[in-house]
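Read the structure below first, then the notes.
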Amino acid sequence: MKKEILELTKKLIQIESIRSKPERLKEVVDVAADYFKDTKMIIKKYVSNDKPSVMILTKETKHPKLILNGHLDVIEAEKDQFKPKIEGDKLIARGAGDMKGACATMMVIMKKLYQQNPKLSFALMLTTDEEIGGFDGVKYLLEKEKYKTDITFIPDGGHNFDIIVEEKGVLSFTLETKGVACHASRPYLGESAIDKLMLACIKLRKTFKNPQSLEDWCISFNIGKIYGGEASNKIADYASAECDIRYPAKYTKKEIFNKITNLTGIKPKETVDGNPFFTDKNNQYLKIYHEIAEKVLKRKVSITRDPAASDARFFTSKKIPVILTEPNTANAHATNEYVTISSLEKMAQILEQFIPEVS
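Under the working numbering, residues -9 to 349 are what the sequence shown spells out, in order.
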């Protein structure tokens, strides 16, 4: 099983499945689907706004008891990062940890368990747009294709088998200010849009004090890009800032945007909206998984939270609980991204026990 997981992972990694190459997104989905062509499982492919996805099901249903979910798209990288290499226990490549290693593991286990017991009710949902928001992948499949489930497993959060039960929501937005242009030597004849934007950003920075640690579970605020002005000797008549806020589940988008408008007099222009993710740590399926994970790993497994965002939020919006975890990975989106091979084996062992228990 280890060899099959490793070879399949390397095969998926070698496909440059990035947003700018839709033909590669289609190819990686086709390769994943073809892995199951020698079985009697149901294979259903979908496309939304040129983003392909696939559902592999043990039964003809829109409501399997369990959905395994993963994404096959990756962040852009240099060509050599799509050539996997092994150093000791590490499989190093773009997408090794995020998250083609985990996807390959789910694929191998799914085929094995189906061949052992085709009466099990579970499915594998693979998408290709998580890195750009997940709107044409998981969101589309849940909202438009009406898939549902009792419990979802997503190996795309946390660290080294931690179980994540809460992630922050994400709001990306633009602040725009307008002024009156004039020569810089006569500023009294105009009004600087840049000055107005700077004052607004200072007010927001003083209000939204960034967290100082993971335990500091508060709103974070980042100014990612600033635009404005045409020349140093001209008062700018337009300026804008692209901003990002991550917020805990106790807040809402409406109250955050209202606060921004009241503080600055500027109405934010929303670009991305992602709800917080939350699963009750006392959920019956999570408890079963937690017990199995600790037994396989022979150690305590933490139940914690993470400030990042994932496709798990789309299941939360449908009131579907999620087991959000991850094998031992590091350096996602960086040149030395990796997953440990031994942790993929452990993940396989956990799923081999968990899936029959709940499906």
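Note that beta-carbon positions come from the ideal geometry of N, C-alpha and C, so glycine has one too. All of these numbers come straight from a predicted model, not from anything done at the bench.
Leaving out five residues before and five after Met89 in sequence, what residues of the same chain have Cβ atoms less than 6 Å from its Cβ?
Gly60, Asp146
By the DSSP assignment, the beta strand (DSSP E) with Pro346 in it spans what residues?
From DSSP, Pro346 is part of no beta strand (DSSP E) but of the alpha helix (DSSP H) over 331 to 348.
If we call anything under 8 Å between Cβ atoms a contact, is Lys193 one with Gly127?
no
Can the beta-carbon of Ile209 be found closer than 8 Å to that of Cys233?
For Ile209 and Cys233, no; Cβs fall outside 8 Å.
Using DSSP with H/G/I as helix, E/B as strand and the rest coil, what is Cys233?
strand
Alpha carbon to alpha carbon, how far is Ala113 from Ile313? Give it in angstroms, no decimals.
15 Å
Rounding to the nearest angstrom, what Cα-Cα distance links Tyr279 and Leu287 in this structure?
Each residue's alpha carbon lies about 12 Å from the other.
DSSP beta-bridge partners for Asn59?
Met115
Applying the 10 Å Cβ sphere with the 16-neighbour rule, what's the burial state of Gly78?
exposed
Sorted by chain position, which residues of the same chain lie with C-beta nearer than 6 Å to Met97's C-beta, five sequence neighbours on each side aside?
For Met97, same chain residues with a beta-carbon under 6 Å away, outside a window of 5 residues either side, are Tyr25 in chain order.
Let me check understanding here. Comparing Cα to Cα, which of Ser292, Thr315, Lys199, Ile99 lies closest to Gly148?
Thr315
Does the segment 126 to 141 touch the segment 41 to 57, meaning 3 or more C-beta pairs lie closer than 8 Å?
yes
Under 8 Å between the Cβ atoms of Ala92 and Glu156?
no
Nearest-angstrom Cα distance between Thr118 and Met337?
22 Å
Tell me whether Thr142 is buried or exposed, calling it buried when 16 or more other Cβ atoms sit within 10 Å of its Cβ.
buried
On the DSSP bridge list, what partners appear for Tyr36?
Ser43
In its own chain, which residues sit with a C-beta less than 7 Å from the C-beta of Ala283, not counting the 5 before and 5 after it?
The residues are Phe151, Val291, Ile340.
Taking DSSP as the reference, what is the three-state secondary structure of His280?
helix
Between Pro258 and Phe268, is the Cβ-Cβ spacing less than 8 Å?
no
Going by DSSP in three states, Val170 sits in which element: helix, strand or coil?
strand
Kindly indicate which three-state DSSP category Gly147 falls into: helix, strand or coil?
coil
Round the Cβ separation of Leu132 and Lys308 to the nearest angstrom and send it over; I've been treating them as touching at under 8 Å.
About 6 Å separates the two Cβ atoms, so the contact holds.
Within the segment 176 to 244, note down every full beta strand (DSSP E) run reaching 3 residues or more, in order along the chain.
Within the segment 176 to 244, complete beta strand (DSSP E) segments of at least 3 residues are found at 210 to 218, 228 to 237, given in chain order.
Do you know how far the Cα of Tyr328 is from the Cα of Met80?
Reading off the sequence shown, one finds Lys at residue 80, where the question assumed Met. Each residue's Cα considered, the two are about 6 Å apart.
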